[in-house]
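Beneath this line is the structure, given in structure tokens, with notes to follow.
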Amino acid sequence: MPDTAFDVLDPLIARYASWLALPGAATADTSDEDPDNVVLMPVVLRIERREPPDRTALLEAAASAALAVCLDERCKPGGEWHEAMSTWIAGRIRKVARRARGAHWDAVQALPGRTVQVGNAEVRAFLPMRVADMPKELSRLQISGSELDADEPGPPLPGAPVLWLNPHVPMSAGKSAAQVGHATMILAALLHGEGMHADLARWAATGFRCSVRQATPDTWTRLHPRDNPEQAWRESGVGMVRDAGFTEVDPGTVTVLAQWR
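Here it is in structure tokens:
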């Protein structure tokens with residue numbers, strides 16, 4: 015994959031540092047936005063009634079799908095998705111997770127996006143769009159009801175990045191799916207910013223495979239960047255997701271630590 019494939023992430027590199035420096039309450043300030051033009055990335059989780067997926071597999075599929083859309087060939091400069099994707103990344107990288115089953119899941123496959131399967135789980139992430147323009151195939155899907163029982167996935171995959179969920183902040187599967195989608199984007203942007211394009215290309219060749227794990231309190235404390243995120247990235251390969259707090263968590267909460275391994 016040529017280096018230009020990653021250029022769509024450039025605005026996120028600069029925004030990452032400024033976002034982490036904001037006071038917690040300021041992360042939820044939307045006074046600079048036009049409510050009629052809010053743009054977000056829909057993420058649809060396939061959750062069948064009789065055979066629901068494993069929670070961890072679903073989150074790993076969501077994490078990979080979100081980044082796969084961003085780095086799709088069609089998002090490169092000159093590609094048919096470039097303008098929509100680059101405009102979204104230049105602002106807030108909002109996502110909303112919805113659930114689908116049966117015919118509703120089949121219907122969304124025709125919309126622009128990427129579907130990723132991990133184990134018994136499937137997730138489709140879509141090209142960002144204005145909320146006002148969301149097609150009925152997406153708008154009719156429920157946001158609530160995406161909770162799944164916790165599972166025990168075992169140790170992280172060797173050689174793959176690990177997305178550590180905050181052990182002190184309970185989140186629904188839908189909320190967690192959006193957060194790990196942020197995490198893979200931020201991790202890819204940090205790698206791109208460091209010129210680690212060979213590493214990114216190798217990750218892309220795996221379909222952006224990653225492990226999602228619930229951190230222990232000790233692991234969270236050891237990896238958390240605290241007030242020096244730049245040092246944490248350079249010394250430990252750790253980036254972090256800091257949420258605006260519109261749903262489930264307080265503004266400024268660090269929800270995920272993304273560890274490049």
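All residue numbers for the sequence shown refer to this note's numbering, where the first residue is 15 and numbers rise by one.
We treat Cβ as the ideally placed atom computed from N, Cα and C, and that holds for glycine.
Check	Outcome
Own chain, CB closer than 8 angstroms to residue 173, minus 5 neighbours either side, in chain order	275
The region 161-175 touching the region 98-109, judged by at least three CB pairs closer than 8 angstroms	no
Neighbourhood of residue 222 by C-beta, 7 angstroms cutoff - its chain only, sequence neighbours within 5 removed	78, 81, 82 and 198
Same chain, Cβ closer than 7 angstroms to residue 163, neighbours up to 5 away in sequence not counted	69
Straight-line Cα distance separating residue 58 from residue 257	20 angstroms
Buried versus exposed call for residue 86 [16 or more other C-beta atoms within 10 Å across all chains shown]	buried
Three CB pairs or more closer than 8 angstroms across the region 183-199 and the region 150-161	yes
C-beta contact flag for residue 214 and residue 20 at 8 angstroms	yes
Residue 113 to residue 269 span [Cα, whole Å]	21 angstroms
8 angstroms CB neighbourhood of residue 230 in its chain, flanking five on each side removed	181
Distance CB(residue 273)-CB(residue 237) smaller than 8 angstroms	yes
Buried/exposed call for residue 97, threshold 16 Cβ in 10 Å	exposed
Ranges of the beta strand (DSSP E) found wholly within the region 168-256, counting only runs of at least 3	176-179, 225-228 and 252-256
Beta-carbon gap between residue 35 and residue 265 smaller than 8 angstroms	no
Distance between residue 250 and residue 15 (C-alpha atoms, nearest Å)	Its pLDDT being 47, under 50, residue 15 is placed unreliably in this model, and the coordinates cannot settle the point.
Three or more C-beta pairs below 8 angstroms linking the region 148-156 and the region 113-127	yes
As assigned by DSSP and simplified to three states, the class of residue 140	strand
Neighbour-count burial assignment, residue 63, 16 or more Cβ in a 10 Å radius	exposed
Opposing strand residues paired with residue 150 [DSSP bridges]	DSSP, once it has assigned bridges, lists no residue as partnering residue 150.
Contacts around residue 262, its chain only, beta-carbon distance under 7 angstroms, and the 5 residues preceding and following it disregarded	185, 186 and 189
Alpha-carbon spacing of residue 271 relative to residue 224, whole angstroms	13 angstroms
Residue environment, residue 267, which counts as buried when at least 16 other CB atoms sit within 10 Å	buried
Cα-Cα separation, residue 195 to residue 110	10 angstroms
Ordered list of alpha helix (DSSP H) runs contained in the region 62-91, each at least 4 residues	69-84
Where the alpha helix (DSSP H) containing residue 25 begins and where it ends	24-35
Spatial distance of residue 32 from residue 92 (CA atoms)	29 angstroms
Where residue 65 falls, given that 16 or more other Cβ within 10 Å makes a residue buried	exposed
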